[in-house]
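In the numbering used here, the protein residues as written are 22 to 271.
Just so you know, even glycine gets a beta-carbon here, dropped at the ideal spot from N, CA and C.
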Amino acid sequence: MFGRRACTVVERTTYGPYVVVDVHDPDGPAPAPGQFYMLAAVERWGGGDGERPFLPRAFSVLRAREGRLSFLFDDVGPGTNRLMDLDREDELWLTGPLGEGWRPTDRRPILIGGGVGIAPLVALADTLDAPEVLLGFRDAHHAQAAALVTQGSDPSVTTDDGSAGHHGLVTELLPDDLSGVELFACGPPAMLEAIRRLGVPAQLALESGMACGFGACFGCVTPLAEGGYARVCVDGPVFAAAELAEVPAH
Ligand SMILES: Cc1cc2nc3c(=O)[nH]c(=O)nc-3n(C[C@H](O)[C@H](O)[C@H](O)COP(=O)(O)OP(=O)(O)OC[C@H]3O[C@@H](n4cnc5c(N)ncnc54)[C@H](O)[C@@H]3O)c2cc1C
Ligand code: FES
C-alpha cells in the first residue's frame, strides 16, 4: 500500500544531535535506497492555538528491514523538531516510498555524504558489499552518525573543525584517479555542486522544498543541462550529475 497510513514508532535512538526514529510499516511496499517518504506526526503537527497545521515533510529512508523503516532527523525547524520528539507508541503518518532512488552501476562505487545527507547513503551501503564511504560533518558531535554505516564498511570521516577524523572538506578524501569510479553523493548543495563539476560519473540525491511529494505542485523543480526543469520528487531525488545544469543553493 503506497497511500498515507499511520505507523507506530517502535524505537528512538540518538546519534550526537541527530535522532533516528523506527516505525513499523508491515503493509507498505519495500523502498529502494534513495527513495523518500512524506512524514507528519499524527498528534501535535501544528494547528495549535493560533497555528495552521504543517504540511508533511520529506525524508529519505535511512534503513528498511522486515517491515520496519528508519528515518534520520536533523533539527532545523518546527517539523523536524516535532518528529525528533516522537517516541515509542507514538504514531506517524507516512506516504511512500516516493521518487527515483540510486541506479545500479558496474563501476566502483564511492559513497560520499555530508551531514544529515548521509541518510540515503546508509540505505545504499546496506545493499553493497563493504563499499568505500566518505562522510563529512560539522564536528565530532555530529560525526557520531557515522556509526550508522555498517555492512563491513569503515567510513572515512572529515570534520569542519578537525575535532574528529580529517580536518577539512569531505571531497578532499576523494582519490586523485577517479577512472572506473561512480560517485553516489548526498549533502549540502555546495558539496553536490563541487562533485557535479568534477565531470565524472556521479549520482546526486537532491533536496528541495516539497509541498506534495508526488508531482502535483511543481514546487520542487531543478534546472536541467539540456534546458527545462525536472521535478525533484518524481524525476529524482537522485539524478545523474550530467543531467543537471547546476545544483541550486537552497
Ligand atoms: C528528498 C528529501 C529527502 C530528505 N531527507 C531528509 C532526511 O533524511 N533527514 C532530514 O533531517 N531532512 C531531510 N530532508 C530535509 C527536510 O525535508 C527538511 O529539513 C524539513 O522539511 C524541514 O522542515 P522544518 O519544519 O523542520 O523546517 P522549516 O521551517 O520548514 O525549514 C527550516 C529551514 O530549512 C530550509 N528547508 C526546509 N526544507 C528544506 C528542504 N527540503 N531542502 C532544503 N532546505 C530546506 C528552510 O528554507 C528553512 O531555512 C529531505 C528533503 C528532501 C526533499
Ligand atoms: S513536491 Fe510537488 S511537484 Fe514535487
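Please report how far the alpha carbon of residue i lies from the alpha carbon of residue j, in whole angstroms.
i: C252; j: S177; result: The sequence shown places Arg at residue 252, rather than the Cys named in the question. One C-alpha to the other measures close to 32 Å.
i: A261; j: G55; result: 13 Å
i: R129; j: G69; result: 50 Å
i: N102; j: L195; result: 34 Å
i: A226; j: P258; result: 5 Å
i: V143; j: V170; result: 6 Å
i: G117; j: E247; result: 30 Å
i: A164; j: D175; result: 13 Å
i: E294; j: A270; result: This structure cannot settle anything about residue 294, because the visible part of the chain is limited to 22 through 271.
i: G230; j: C241; result: 6 Å
i: L219; j: A53; result: 27 Å
i: M59; j: C233; result: 8 Å
i: L245; j: R109; result: 42 Å
i: A223; j: T126; result: 10 Å
Short of 7 Å in beta carbon distance, which residues of its chain neighbour residue i, apart from the five on each side in sequence? Order them along the chain.
i: G88; result: H45, D46, P47
i: R73; result: G67
i: A39; result: This sequence places Tyr at residue 39; Ala is not what is there. Cβ within range, chain order: L93, F94, D95, V137, A166.
i: L107; result: V30, R33, V42, A62, L113
i: F235; result: L119, C254, V255
i: G183; result: none
Would you mind working out which of the options sits nearest residue i, comparing C-alpha positions?
i: A85; options: R159, A168, D108, A146; result: A146
i: A263; options: V221, F23, S184; result: V221
i: A79; options: Q224, L190, L119, R218; result: L119
i: L104; options: R124, P125, F75, W123; result: F75
i: A215; options: G100, R124, A266; result: A266
In terms of DSSP beta bridges, what is residue i paired with?
i: F23; result: Paired residue(s): none; F23 is not in a bridge.
i: T109; result: For the sequence presented, residue 109 should be read as Arg rather than Thr. Note: R109 sits in no beta bridge, so no partner.
i: L155; result: I133, S177
i: A140; result: Its beta-bridge partners do not exist; DSSP assigns none.
i: C207; result: G134, A226
According to DSSP, is residue i part of a helix, a strand, or is it coil?
i: R86; result: strand
i: L195; result: coil
i: G230; result: coil
i: V40; result: strand
i: H271; result: coil
i: L213; result: helix
i: P244; result: strand
i: R218; result: coil
i: Q56; result: coil
i: G100; result: helix
i: A263; result: helix
i: A168; result: helix
i: L145; result: helix
i: A161; result: helix
i: V255; result: coil
Excluding the five sequence neighbours on either side, which residues of its own chain have a C-beta within less than 6 Å of the C-beta of residue i, listed in chain order?
i: S81; result: F57, A140, P141
i: F212; result: Reading off the sequence, residue 212 comes out as Met, not Phe. The residues are G135.
i: E153; result: I131
Comparing the C-beta of residue i with each C-beta of chain D, is any distance below 8 Å?
i: G230; result: The structure shown contains no chain D; it holds only a single protein chain.
With a CB to CB cut of under 8 Å and the five nearest residues on each side skipped, what residues in its chain are close to residue i?
i: E112; result: A27, C28, T29, V30, A62, V63, E64
i: T180; result: G157, F158, R159, D160, A161, H163, A164, G186, H187, H188
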